[in-house]
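Report on one structure; see the data block that follows.
In the working numbering, the protein residues as written are 410 to 1118.
Printed below as a string of structure tokens:
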């Protein structure tokens, strides 16, 4: 037994996942040839029948793309660009052959480039029809026959029917074992995590099918007999769309509040969900299987009489998935420039929403560095799952008209009382501004607002200390602390962490119960938030571009030589707003200077900037179906010119809180109250004891000025 096969079960899967080419290179040294392939459609059975090792070609999210851009356009699917990039860097230099397919435009283009530059001895391109009619199956059978003949010529031997049927039986057994493993994810919580499942699936794609069967049998036995230590989370998630092949991604999703229970992707259930039927002509059975049973957007399903019937024909199997695994949320993963899945997003959202399943759609980069910024989206999505009750306290709100929009002042808030006064804290460490709200059942007793620096832990202690001094309280008197914002994970004394999306929603919902839409304009991003009956139902974020954010306005104010706090009032003095075509932070700076040279006033340029920003923000937020009332929060809400431009673009009055910077921290304090009310008397006593112990550390740390965070 080689060193490679000493480990078993999940440990073996982890080893194969971490060193994906190791086993193939060992087998090559023993004389076995490896055949690389793209996507789910090349028939693995034909390769196995001739004793080739089929190896799924994958990219590398940890490896920056530096070579492929010289051969493939950057607007093409970033996954396939990564595949070619690592190929050119020698990751697949052990391959003796390659088979590509017309699975999508990215796969086709990369297949042709691969054949030209990788110089593998045996190459084949599998042409595929885009329908599954009987004529299409016959055509695809002919294509598979050509592929079979090419492999036979390269191997120097023929595939007998007996050997082909044996290979089909082996791969069918592997498919059956994969489905048995998926069954172990049906319990709540599942017996197998999404990251563990991903490691197993990728392992099967880099070892011979016989070893894959042995691995699956070991994993099944191990998972069935070990204690279930998987954490039960609010969301039972179905992943659909582009593949995910990195456990850092699945790990982030799971830590954000989900149990991944099924994946309808090319590295998931998709290639394993149906066996190849036994037919008199095994080649026909293979063609029929790969064309009809591998559910992919590339293959056109039969047309129905109407749109709903078309949806059922295309996605009906997903209804069974959702029911079988008791799914309560869906994530549509669309790798950047994955057009084949991207085009189906409206349809898949319509279908799942008809099943009352919420859908989160993200178009991430194929890069491990791009994973962490997605945490807020997944956590906010998890916070929408399941029944949520938000009893609202009594309150009185007064408002005044100012221009076209309303500024409101909260006069009184009354919260449910315990037998002692609750002290509740919300702390919002945003990208540019940090806010703290301390309150009790009756009133806000402290508000602290100061710029965010690079040392979040030290900053959290500093602003908390200031707020406690302002409120006349000691740290051990605090009942519950909720942290939110980008720096929420760096608040060591917080009792809970909640995303800023949910906190803004809760803060605004308490201030203005009739608000249905929120636009939060922060320092580095802009968010659109949709509410229904006080519950978060949808959101969008612009977190990849600074256009329209506070940072953008700071840059423009520097260029024009005005204070950022004055640009709102100045823009209202404009008599002819300048046309600003670019709202990119870099190009808008150049365009502002150009407009100055053309004779436009500073006021006209600022009015044009606000108008362009309002159009960009509107284009993003309309995706969640804007409805009145609409509130604006964040630092951008302090800009009266931007608020007016947004109001004109949206078409109805907007509401601005009295202090729009603190709505996130206020919402966090409201959530703190609810969490405290759910504690038993004993749990509350334990928390108070823990708080007294934390108080010593807190004041020691907050008084240490050399702390680096």
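Ideal Cβ placement from N, Cα and C applies to all residues, glycine included.
| Asked | Found |
| --- | --- |
| Those residues which DSSP pairs with residue 446 across a bridge | 465 and 508 |
| Residue 911 and residue 945 closer than 8 Å at C-beta | yes |
| Residue 512 vs residue 537 beta-carbon contact at 8 Å | yes |
| Residue 513, enclosing beta strand (DSSP E) - first and last residue | Premise fails: residue 513 is in no beta strand (DSSP E) and is neither H nor E. |
| Nearest-angstrom Cα separation, counted from residue 583 out to residue 689 | 22 Å |
| Minimum C-alpha distance to residue 704 - residue among 716, 693 and 726 | 726 |
| Length of the line joining the Cα atoms of residue 675 and residue 1042 | 41 Å |
| Neighbour-count burial assignment, residue 558, 16 or more Cβ in a 10 Å radius | exposed |
| 6 Å CB neighbourhood of residue 899 in its chain, flanking five on each side removed | 865 and 866 |
| Three-state secondary structure (DSSP) of residue 518 | helix |
| Cα-Cα separation, residue 973 to residue 966 | 5 Å |
| Proximity to residue 980 [Cα-Cα], best of 1049, 924 and 605 | 1049 |
| contact_flag[the segment 659–676, the segment 425–436] where n(CB pairs < 8 Å) is 3 or more | no |
| Continuous alpha helix (DSSP H) assignments of at least 4 residues falling wholly in the segment 673–757 | 691–697, 716–733 and 748–751 |
| Sheet register partners of residue 929 (DSSP bridge) | 936 and 1042 |
| Chain-order list of residues whose beta-carbon lies under 6 Å from that of residue 903 (same chain, five-residue window excluded) | 890 and 892 |
| Segment limits, alpha helix (DSSP H) that includes residue 784 | 784–791 |
| For residue 987, the nearest candidate out of 418, 768 and 1001 (CA to CA) | 1001 |
| Residue 928 beta carbon less than 8 Å from that of residue 1055 | yes |
| N- and C-terminal bounds of the alpha helix (DSSP H) containing residue 855 | No alpha helix (DSSP H) contains residue 855, which is instead part of the beta strand (DSSP E) from 853–860. |
| Where the beta strand (DSSP E) through residue 843 begins and ends | 842–848 |
| CB contact flag (residue 848, residue 1078, <8 Å) | yes |
| Minimum C-alpha distance to residue 682 - residue among 1017, 630 and 591 | 591 |
| Beta-carbon contacts of residue 799 that lie in its chain and below 8 Å, excluding the five residues immediately before and after | Annotation note: pLDDT 33 at residue 799 (below 50); position unreliable, coordinate value reported separately. 915, 918, 943, 944 and 1083, listed in sequence order. |
| Beta-ladder partner(s) of residue 639, from DSSP | According to DSSP, which records beta bridges pairwise, residue 639 is partnered with nothing at all. |
| Contacts around residue 747, its chain only, beta-carbon distance under 6 Å, and the 5 residues preceding and following it disregarded | 486 and 651 |
| Rounded C-alpha distance that separates residue 595 from residue 426 | 24 Å |
| Cβ-Cβ distance between residue 872 and residue 836 below 8 Å | yes |
| Residue from 416, 920, 1037 and 569 whose Cα sits closest to the Cα of residue 628 | 416 |
| Extent of the continuous alpha helix (DSSP H) run through residue 492 | 487–497 |
| Between the CA atoms of residue 989 and residue 1129 - distance to the nearest angstrom | The question about residue 1129 has no answer, for the chain in this structure spans 410 to 1118. |
| For residue 1076, the nearest candidate out of 897, 920 and 1044 (CA to CA) | 920 |
| Where the alpha helix (DSSP H) through residue 431 begins and ends | 431–438 |
| Residue 696 classed as buried or exposed, judged by whether at least 16 other C-beta atoms fall within 10 angstroms | buried |
| Per-residue DSSP class, three states only, for residue 645 | strand |
| N-terminal and C-terminal residue of the beta strand (DSSP E) that residue 616 is part of | From DSSP, residue 616 is part of no beta strand (DSSP E); its letter is neither H nor E. |
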